[in-house]
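Single-structure report; data block below.
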Amino acid sequence: MIKNGLFLFSICVFFSVIGKAQTISILQPISWDKGLSELSDFYTLPAVNHEEEIRTDSIQSAQNSLDSRRFGVEQSVSLNLFENGETTPLENGDQITRFGVHCPEAISIHLLFSEFELANGTLLTLYDPQKSAFVGAYSSNNNNSANVLGTELLKSEKIILELYEPHHAIGKSQLTIGTVVHGYRDIDQLFLEDMTRNLNGSGNCNIDVNCPQGEGWEQQRNSVARIVIGGSYCTGSLLDNTSDEFIPYVL
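According to our numbering, the sequence shown is numbered sequentially starting from 4.
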């Protein structure tokens, strides 16, 4: 049993090629240095009863009907960023469009885009209103044939989406949020509870890959991933193919 080397991916239920979810590194969202006014208008989704969701999970778990672990409620929307966002032109001709999402009392929020295609040079970041954390930037490198994307999660009940468009790329992107996932449990705490509950639960024939008997299996250990699928998570393993093409398949 491979027990360690777990890390986090965020993917859509209907798009499992996670290599497209990689982001490029920037120091912070571009607007933070532009002196833009604070975003005051947020799209507010219906409240979620956390206790009721946890109670439902406990019943389903007792009935052994859970194939994955739920931590969030998936709320269907159809929110076009350009139609609903607030756009600010910049002095050099570029522009920034921002859109706020509010899930009352949510522990975390992440998004599934039903339409996702970014023009070259365009950057999408997500951050909390306090500017204490952000994810991204997503770019045209994240475009895919299905035109969808699932974002990483932010631990906040409010998030701001920020799209930066250079002047030559204005109006050439597509961004529509199809699902907002309201996190009613802390995914990290839930995962830790699962790890503790299952500690020493392996069979006599299983070997911990971090023990001396697991020497030589480090690559297999490091391929194990925790996968976020909508409002649930499970585990999987990164696989190569026999042609060594390094396509990021996930089992």
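All residues carry an ideal CB built from backbone N, CA and C; glycine is no exception. Only a predicted model underlies this, so the values are computations on that prediction, with no experimental measurement involved.
* To do: Would you mind stating whether Leu-115 and Leu-152 have Cβ atoms separated by less than 9 Å?
  => As a working mapping, residue 115 is identified with position 112 in the sequence shown. As a working mapping, residue 152 is identified with position 149 in the sequence shown. Against a cut-off of 9 Å, the Cβ pair of Leu-152 and Leu-115 comes out as a contact.
* Asked: Between the beta-carbon of Glu-168 and the beta-carbon of Gly-124, is there less than 9 Å?
  -> Here residue 168 corresponds to residue number 165 of the sequence shown, with the count starting at 1. Here residue 124 corresponds to residue number 121 of the sequence shown, with the count starting at 1. Yes.
* To do: Run through the region 59–94 for me and flag every whole beta strand (DSSP E) of 3 or more residues, listed as ranges in chain order.
  => 75–83 and 89–92
* To do: Run the CB neighbour count on Arg-188, radius 10 Å, all protein chains shown included, and call it buried at 16 or more, exposed below.
  => Residue 188 sits at position 185 when you count from the first residue of the sequence shown. Result: buried.
* Asked: Which value, in whole angstroms, describes the spacing of the CA atoms of Phe-249 and Ile-99?
  -> Taking the sequence shown and counting its residues from 1, the one referred to as residue 249 is at position 246. Taking the sequence shown and counting its residues from 1, the one referred to as residue 99 is at position 96. Roughly 35 Å separates the two Cα atoms.
* What number of angstroms, rounded off, separates the C-alpha of Tyr-130 from the C-alpha of Asn-147? -> In the sequence shown, the residue the question calls residue 130 occupies position 127. In the sequence shown, the residue the question calls residue 147 occupies position 144. Spanning the two alpha carbons is a distance of roughly 23 Å.
* Nearest CA to the CA of Leu-84: which residue from Gln-31, Gln-177 and Pro-107? -> Locating residue 84 in the sequence shown gives position 81, counting from the first residue. Closest option to Leu-84, Cα to Cα, is Gln-177.
* Asked: Under a three-way DSSP split, which group does Ile-250 fall into?
  -> Start at 1 with the first residue of the sequence shown, and residue 250 comes out as number 247. The answer is coil: DSSP assigns Ile-250 none of H, G, I, E or B.
* **Beta-bridge pairing of Ser-143 - partner residues as DSSP gives them** => Along the sequence shown, one-based indexing puts residue 143 at 140. Note: Ser-143 sits in no beta bridge, so no partner.
* **Pairwise C-alpha distance: Leu-48 and Gln-133** => Here residue 133 is taken as the residue at index 130 of the sequence shown, counted from 1. Here residue 48 is taken as the residue at index 45 of the sequence shown, counted from 1. Cα to Cα, the separation comes out at about 20 Å.
* What residues are listed by DSSP as bridge partners for Lys-158? -> Stepping through the sequence shown from its first residue, residue 158 is reached at position 155. Beta-bridge pairing links Lys-158 to no other residue.
* Please state whether DSSP places Glu-54 in a helix, a strand or coil. => Locating residue 54 in the sequence shown gives position 51, counting from the first residue. Helix, per DSSP.
* Answer yes if the region 189–197 comes into contact with the region 34–41, meaning at least three C-beta pairs across the two stretches below 8 Å, and no otherwise. => no
* Asked: What residue from Glu-54, Ile-163, Ser-143 and Leu-156 has the CA that sits closest to Asn-87's CA?
  -> Position 84 of the sequence shown, counted from the first residue, corresponds to residue 87. Selected option, being the one with the closest Cα: Ile-163.
* By Cβ distance, which residues of its chain are closer than 7 Å to Gln-31, with the 5 residues on each side in sequence left out? -> Taking the sequence shown and counting its residues from 1, one reaches residue 31 at position 28. These residues qualify, in order along the chain: Phe-137.
* Cβ of Ala-109 within 9 Å of Cβ of Lys-175? -> As a position in the sequence shown, residue 109 is number 106, starting the count at 1. As a position in the sequence shown, residue 175 is number 172, starting the count at 1. Not closer than 9 Å, so no.
* **Alpha carbon of Thr-59 to alpha carbon of Gly-103, nearest angstrom** => Position 56 of the sequence shown, counted from the first residue, corresponds to residue 59. Position 100 of the sequence shown, counted from the first residue, corresponds to residue 103. Cα to Cα, the separation comes out at about 30 Å.
* Name the DSSP beta bridge partners of His-113, please? -> Your numbering for residue 113 matches position 110 in the sequence shown. Paired residues: Val-184.
* Three-state class that DSSP yields for Gln-177 in the structure shown -> Within the sequence shown, residue 177 is the residue found at index 174, counting from 1. Here Gln-177 sits in strand by DSSP.
* **Buried or exposed by the 16-neighbour rule on C-beta atoms within 10 Å, applied to Cys-106** => By 1-based counting over the sequence shown, the position of residue 106 is 103. So Cys-106 ends up on the buried side.
* Could you tell me which residues DSSP pairs with Arg-224 in its beta bridges? => Within the sequence shown, residue 224 is the residue found at index 221, counting from 1. BP columns for Arg-224 are empty, so no partner.
* **Local Cβ density within 10 Å of Asp-243, reported as buried at 16 or more and exposed below that** => Walking along the sequence shown from the start, residue 243 turns up at place 240. When all chains shown are included, Asp-243 counts as exposed.
* Report buried or exposed for Asn-95, applying the criterion of at least 16 other Cβ atoms within 10 angstroms of its Cβ. => The residue labelled residue 95 in the question sits at position 92 within the sequence shown. Classification of Asn-95: exposed, given that the 10 Å Cβ count is below 16.
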